[in-house]
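Numbering (this note's numbering), first residue to last: 204 to 419. All remarks here apply to the structure that follows.
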Ligand code: PRP
């Protein structure tokens with residue numbers, strides 16, 4: 204890499220997605236030793252040789268960093284992309300972090316989804332819930348935003364149903380709830396800033412091609 208090569212910056216959603224992404228990048232020869240130190244409180248990591256920078260952010264903030272160009276590339280769940288509605292190119296389905304966005308509740312609530320009556324829906328994803336009920340089902344609902352442990356909603360009587368992520372289904376089962384309707388499948392996606400895609404086309408295209416080949 205020449206002195207003038209600019210850094211390509213990656214924003215990774217903290218947690219499991221970031222770890223999986225780093226494993227995948229390592230398989231195509233992109234490493235960041237600095238980042239493996241779990242004790243470190245550093246927020247940004249640099250690979251001088253390959254002119255790459257990485258930072259860890261809260262999942263919902265990843266599309267924001269990418270839209271504004273603070274990161275060229277981001278890795279985040281499709282749920283977050285749908286919820287945040289930021290401008291960026293979605294270039295790859297990375298195939299991991301597979302789960303489903305669903306309407307869940309007690310079996311008795313299934314009936315409430317058949318008629319167009321007003322119901323209460325709790326969710327960490329109010330935009331996804333709104334889009335599904337208003338635009339796809341044409342059902343007027345009262346959406347209540349929660350920040351986690353959404354399954355509590357129907358259990359404590361806050362809402363009739365929830366819109367949430369289901370992976371293994373064990374959280375639902377252990378709380379007497381079930382999937383009532385499926386909204387869409389989810390997985391980790393790679394996104395690219397729209398300007399970076401043009402300015403750094405060659406490097407980014409090469410990276411995408413290498414990952415695609417690795418995934419196939
Ligand atoms: C997610 C999701 C469900 C659970 C689904 O929650 O909101 O609660 O995982 O997984 P399962 O089908 O395998 O049980 P997360 O652990 O992210 O925590 P949160 O409830 O605080 O959002």
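For every residue, glycine included, the Cβ atom is placed at its ideal position computed from N, Cα and C.
Residue range of the alpha helix (DSSP H) that includes residue 343: As a first step, residue 343 must be located in the chain shown, where it is residue number 140. Careful: residue 343 lies outside any alpha helix (DSSP H) and carries neither H nor E.
Straight-line gap, residue 406 to residue 397 (C-alpha atoms, nearest Å): Looking up residue 406 in the chain shown gives position 203. Looking up residue 397 in the chain shown gives position 194. Just so you know, the alpha carbons of residue 406 and residue 397 end up roughly 14 Å apart.
Under 7 Å between C-beta atoms of residue 335 and residue 286: What you label residue 335 is simply residue 132 of the chain shown in a count that begins at 1. What you label residue 286 is simply residue 83 of the chain shown in a count that begins at 1. The criterion of a C-beta distance shorter than 7 Å is not satisfied by residue 335 and residue 286.
Minimum length 3: unbroken beta strand (DSSP E) runs contained in the region 269 to 356: The region 269 to 356 contains, as complete beta strand (DSSP E) runs of 3+ residues, the segments 276 to 280, 292 to 296, 302 to 308, 322 to 326, 344 to 348 (chain order).
Inter-residue spacing [alpha-carbon to alpha-carbon] between residue 213 and residue 302: What you label residue 213 is simply residue 10 of the chain shown in a count that begins at 1. What you label residue 302 is simply residue 99 of the chain shown in a count that begins at 1. Roughly 24 Å between the two C-alpha positions.
Beta-carbon spacing of residue 324, residue 344 below 7 Å: Numbered from 1 along the chain shown, position 121 holds the residue referred to as residue 324. Numbered from 1 along the chain shown, position 141 holds the residue referred to as residue 344. Yes; because the gap between Cβ atoms is below 7 Å, this pair is in contact.
Backbone CA spacing between residue 331 and residue 248 [nearest angstrom]: Position 128 of the chain shown, counting from 1, holds the residue named residue 331. Position 45 of the chain shown, counting from 1, holds the residue named residue 248. Cα to Cα, the separation comes out at about 33 Å.
DSSP beta-bridge partners of residue 235: Within the chain shown, the letter at position 32 stands for residue 235. Answer is none; residue 235 lacks a bridge partner.
Through-space distance from residue 391 to residue 299, alpha-carbon basis: For this step, residue 299 is matched to residue 96 along the chain shown. For this step, residue 391 is matched to residue 188 along the chain shown. Roughly 6 Å between the two C-alpha positions.
Residue 283 beta carbon less than 7 Å from that of residue 262: Along the chain shown, read from residue 1 onward, the residue named residue 262 stands at position 59. Along the chain shown, read from residue 1 onward, the residue named residue 283 stands at position 80. The answer is yes: Cβ separation under 7 Å.
Own chain residues within Cβ distance below 7 Å of residue 309, not counting five before or after: In the chain shown, counting from the first residue as 1, residue 309 sits at position 106. For residue 309, where only same-chain residues beyond five positions count, the Cβ hits under 7 Å are 357, 379, 380.
Cβ-based burial, residue 268 [other Cβ within 10 Å; buried from 16]: Here residue 268 refers to the residue found at position 65 when the chain shown is read from its first residue. With 16 or more other Cβ atoms within 10 Å, it is buried.
Residue 254 vs residue 210 beta-carbon contact at 7 Å: As a working note, residue 254 is residue 51 in the chain shown. As a working note, residue 210 is residue 7 in the chain shown. It is a contact, given that the beta carbons lie within the stated cut-off.
Any heavy atom of the ligand PRP nearer than 5 Å to the CB - residues listed: Those residues are 351, 352, 367, 368, 369, 370, 371, 372, 373, 374, given in chain order.
Limits of the alpha helix (DSSP H) - the one that residue 246 falls within: Here residue 246 refers to the residue found at position 43 when the chain shown is read from its first residue. Element bounds for residue 246: n/a, residue is neither H nor E.
Where residue 216 falls: helix, strand or coil (DSSP): Sequence index remark: in the chain shown, residue 216 carries index 13 (1-based). Residue 216 falls in the strand class under three-state DSSP.
Residues that DSSP places opposite residue 365 in a beta bridge: Numbered from 1 along the chain shown, position 162 holds the residue referred to as residue 365. Paired residues: 307, 325.
Same chain, Cβ closer than 7 Å to residue 288, neighbours up to 5 away in sequence not counted: Within the chain shown, numbered from 1, the residue matching residue 288 stands at position 85. Within the same chain, residue 288 has close Cβ partners 330.
Other residues of its chain near residue 296: CB distance less than 7 Å, five sequence neighbours each side excluded: Taking the first residue of the chain shown as 1, we reach residue 296 at position 93. Setting aside the 5 residues that flank it on each side, residue 296 is surrounded in the same chain by 390, 392, each with a C-beta closer than 7 Å to its C-beta; the list follows chain order.
Limits of the unbroken beta strand (DSSP E) element including residue 256: Here residue 256 corresponds to residue number 53 of the chain shown, with the count starting at 1. Counted as a single uninterrupted DSSP element, the beta strand (DSSP E) harbouring residue 256 occupies residues 255 to 260.
Separation of residue 222 from residue 414, as counted between CA atoms: By one-based count along the chain shown, residue 414 stands at place 211. By one-based count along the chain shown, residue 222 stands at place 19. If you take the alpha carbons of residue 414 and residue 222, they lie about 16 Å apart.
Helix, strand or coil at residue 385 according to DSSP, with G and I counted as helix: Against the chain shown, residue 385 aligns to sequence position 182. The answer is strand: DSSP assigns residue 385 an E or B state.
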